[in-house]
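So the structure is just underneath, and the comments pick up after that.
In full-length UniProt numbering, the protein residues as written are 1 to 101.
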């Protein structure tokens, strides 16, 4: 895990909000009709974009940085990309804070 990239990804309120929303996607995205894919793949960019009220390109950029940091995983299904939290990385980050900071 590249801690600098992780901290950079976490230094933006909207990116933090994405991680918070993806923590409980069933609750946050049930009104977006994406529940069939949530369990299978994650949440699509469009649903996240609609929830945040940001442009699709901004949300895609944020998700790309979160993915490079290892905080989210992406699954491509046809023309759509679905995102979910990478709990393994988040757990490792928690352990890093507990041990190092």
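Virtual Cβ for every residue (Gly too), placed ideally from N, Cα, C.
All values derive from a computational prediction rather than experimental measurement.
Check, Outcome
"Taking the C-alpha atoms as reference points, what is the distance between residue 42 and residue 81?", "9 Å"
"CA-CA distance, residue 21 and residue 8?", "19 Å"
"Taking a contact to mean a Cβ-Cβ separation below 8 Å, would you say residue 59 touches residue 65 in this structure?", "no"
"Using alpha carbons as the reference points, say which of 46, 99, 91 and 44 lies closest to residue 70.", "91"
"On a Cα-Cα basis, can you pick out the residue from 98, 40 and 5 that is closest to residue 76?", "40"
"Within 10 Å of its beta-carbon, does residue 47 have 16 or more other beta-carbons around it, so buried, or fewer, so exposed?", "buried"
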